[in-house]
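In the working numbering, each residue carries its 1-based index in the sequence shown increased by 562.
Okay, structure first, notes after.
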Amino acid sequence: MTMSKNDKIISQFETSDTASYLLEQADKDYSKLETLIDLIVDNKISSAFPKLQTGRFKKADPLVRNLLSQCPNPDDLTELAINNEYTQVYMRAYEEILKPINFEPRYFKNFQANDVLPIAGEPIIFADLANAFVSKIFSGTLEDEFIQAQSNRFERLKHQEARAIQLLNKLRVKYSKLLVLRLDFAIAKKCRNLSEDLNLIRKMFKKFLKSRFSIHQRPIGYIWKLEYGVNKGYHYHTIFFLDGNKHQKDEIIADQFGKKWEQLTEYKGSYYSCNGSKERYKHLAIGMLHHDDEKAHSALESLVIKYLTKDKQHAFIPSGSRLKTFGTSQMPASKRKSGRPRRGT
């Protein structure tokens, strides 16, 4: 069987036995890097340690100092091919400022502002080194390449959000009641194999969406998001919509969806049904929603925007693979009705 371009990229991405461990570390540390660079951009931070008139340095902002010491290992980013505007700015700063003196980001937690680093040659004050590193990151965020990438990211998220909200509104207008299911689909922990998981879960999820649902389960719409996480590995967050005039007992139907996922993955898959644990959610946006229930629909929009259209997991999809990480069903055909239109558009 001939491998597709995406399959080859994924295979190259996940051949090492240590890849799972590296991805777990990247999942923990990359978010800290993103937070650090966003903090630098938002507050125009060009140095970590303020310098006094005496020539000595004050302590750094605790948040900046903490984030610096938790930045990802540059070798891990390289091995896993995690490549975007954040890692590009970070890697350039590392290559220019830290690497020439063999200083790793994890060392940031070991020194105080005015410590002299134990490096051969000309003495280096720790605060000077940290300031040079932060300054290099800051200057990188001012470059056109970074600014354009951030703009592209924002536009992509706005497009995803708009499409999801459009689907919600069209369903709300067409159906007087919606039965909302929220499920997470993953690969069971005991069955995970990083060299196969991404291909497997994509293949099985595509098969799941195309499967013939029984009349008691047929969805009228759905939204999904592919992510990677330490605990779940690769997984899909999903929201399914059924006609509330024809279907009830969302807990049972959600469980049936989950069982179907297990069957299609030959029981390598696992699922979690939020409908079976409604007591855990403060603002309920699942189960039966009536078209005129403004509070419930507002909560549903917030749920979609917060969990399904925020792109914070992009780094863990192989760079250059063009894999989709977000999708919705087709928009339902408008249903002509006489009289006053329903609210929701």
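Note that beta-carbon positions come from the ideal geometry of N, C-alpha and C, so glycine has one too.
What residues in its chain sit with their C-beta under 7 angstroms from that of residue i, if we drop five residues either side in the sequence?
{"i": "K868", "result": "none"}
{"i": "N693", "result": "S609, A610, F611"}
{"i": "T597", "result": "L629"}
{"i": "D600", "result": "none"}
{"i": "G820", "result": "L745, Y833, S835"}
Please classify residue i: is it buried, with 16 or more other beta-carbons within 10 angstroms of its beta-carbon, or exposed?
{"i": "I848", "result": "buried"}
{"i": "T616", "result": "exposed"}
{"i": "S895", "result": "Note that residue 895 is Ala in the sequence shown, not Ser. Exposed, since its Cβ has fewer than 16 Cβ neighbours within 10 Å."}
{"i": "S835", "result": "buried"}
{"i": "T640", "result": "exposed"}
{"i": "K830", "result": "buried"}
{"i": "Q892", "result": "exposed"}
{"i": "A748", "result": "buried"}
{"i": "D812", "result": "buried"}
{"i": "K857", "result": "exposed"}
{"i": "G683", "result": "exposed"}
{"i": "R734", "result": "buried"}
{"i": "N755", "result": "exposed"}
Give me the Cα-Cα distance between residue i and residue j, rounded to the nearest whole angstrom.
{"i": "P903", "j": "L730", "result": "Note that P903 has pLDDT 49, beneath the 50 cutoff, so the model's placement of it is unreliable and no number is given."}
{"i": "L625", "j": "I659", "result": "21 angstroms"}
{"i": "S860", "j": "R744", "result": "16 angstroms"}
{"i": "W786", "j": "L595", "result": "26 angstroms"}
{"i": "S608", "j": "S697", "result": "5 angstroms"}
{"i": "K732", "j": "T890", "result": "13 angstroms"}
{"i": "T703", "j": "W823", "result": "43 angstroms"}
{"i": "L826", "j": "K769", "result": "8 angstroms"}
{"i": "A618", "j": "A610", "result": "The residue you asked about is not Ala; residue 618 is Arg in the sequence shown. Each residue's Cα considered, the two are about 13 angstroms apart."}
{"i": "I687", "j": "Q632", "result": "20 angstroms"}
{"i": "E647", "j": "D855", "result": "42 angstroms"}
{"i": "Y784", "j": "Q722", "result": "13 angstroms"}
{"i": "C753", "j": "V742", "result": "29 angstroms"}
{"i": "K772", "j": "D637", "result": "40 angstroms"}
{"i": "F912", "j": "F767", "result": "The first residue shown for the chain is 563 and the last is 907, placing residue 912 beyond what the model contains."}
{"i": "L760", "j": "A622", "result": "41 angstroms"}
{"i": "A655", "j": "F700", "result": "9 angstroms"}
{"i": "A724", "j": "P781", "result": "21 angstroms"}
{"i": "Y798", "j": "N676", "result": "48 angstroms"}
{"i": "D817", "j": "H809", "result": "14 angstroms"}
{"i": "I644", "j": "N605", "result": "26 angstroms"}
{"i": "M850", "j": "R764", "result": "29 angstroms"}
{"i": "F695", "j": "E717", "result": "30 angstroms"}
{"i": "H841", "j": "Y796", "result": "Looking at the sequence itself, residue 841 is Glu, so the reference to His does not match. Distance between the alpha carbons of E841 and Y796: 26 angstroms."}
{"i": "D805", "j": "I815", "result": "12 angstroms"}
{"i": "K720", "j": "L870", "result": "12 angstroms"}
{"i": "I572", "j": "D706", "result": "Interpretation of I572 is limited by its pLDDT of 38, a score under 50 that renders its predicted location unreliable; the figure taken from the coordinates is listed afterwards. Taking the straight line joining both Cα atoms gives about 30 angstroms."}
{"i": "S593", "j": "L885", "result": "21 angstroms"}
{"i": "A750", "j": "A726", "result": "28 angstroms"}
{"i": "E828", "j": "E758", "result": "14 angstroms"}
{"i": "S839", "j": "Y652", "result": "41 angstroms"}
{"i": "K661", "j": "T649", "result": "15 angstroms"}
{"i": "L506", "j": "N807", "result": "For residue 506 there is no data in the structure shown, the boundaries of the chain being 563 and 907."}
{"i": "R627", "j": "I801", "result": "39 angstroms"}
{"i": "K736", "j": "L762", "result": "35 angstroms"}
Who are residue i's beta bridge partners in DSSP?
{"i": "R744", "result": "I801"}
{"i": "F619", "result": "K613"}
{"i": "D788", "result": "The sequence given here has Leu at residue 788, not Asp. Answer is Y798."}
{"i": "F888", "result": "K787"}
{"i": "M850", "result": "L741"}
{"i": "Y834", "result": "D746"}
{"i": "I709", "result": "DSSP lists no partner for I709."}
{"i": "I687", "result": "V678"}
If I measure Cβ to Cβ from residue i and keep anything under 6 angstroms in the same chain, skipping five residues before and after, which residues do I get?
{"i": "H876", "result": "Confidence at H876 is low in this model, with a pLDDT of 49, below 50, so the placement of that residue should be treated as unreliable; the coordinate-derived value is given next. Cβ neighbours of H876 beyond the five flanking positions: none."}
{"i": "S738", "result": "H853"}
{"i": "L630", "result": "F670"}
{"i": "I663", "result": "I681"}
{"i": "L865", "result": "A847"}
{"i": "Q728", "result": "none"}
{"i": "L862", "result": "A847"}
{"i": "V603", "result": "T703"}
{"i": "K613", "result": "F619"}
Spatial neighbours of residue i within its chain, please: C-beta separation below 8 angstroms, excluding the five flanking residues on both sides.
{"i": "N635", "result": "Q587, D591, E666, P667, R668"}
{"i": "L679", "result": "I663, F665, F673, P685, I686, I687, F688, L691"}
For the ligand GTP, any of its heavy atoms closer than 6 angstroms to the Cβ of residue i?
{"i": "A622", "result": "This structure lacks the ligand GTP; in fact it carries no ligand of any kind."}
Got a sec: is the Cβ-Cβ distance from residue i to anything in chain C below 7 angstroms?
{"i": "Q615", "result": "Among the chains in the structure shown there is no chain C, since it carries only a single protein chain."}
| message | Below 8 angstroms, how does it come out for the stretch 791-807 and the stretch 710-724: are there three or more Cβ pairs, yes or no? | response | Look at the beta carbons and you see the stretch 791-807 not touching the stretch 710-724: under three pairs across the two are nearer than 8 angstroms.
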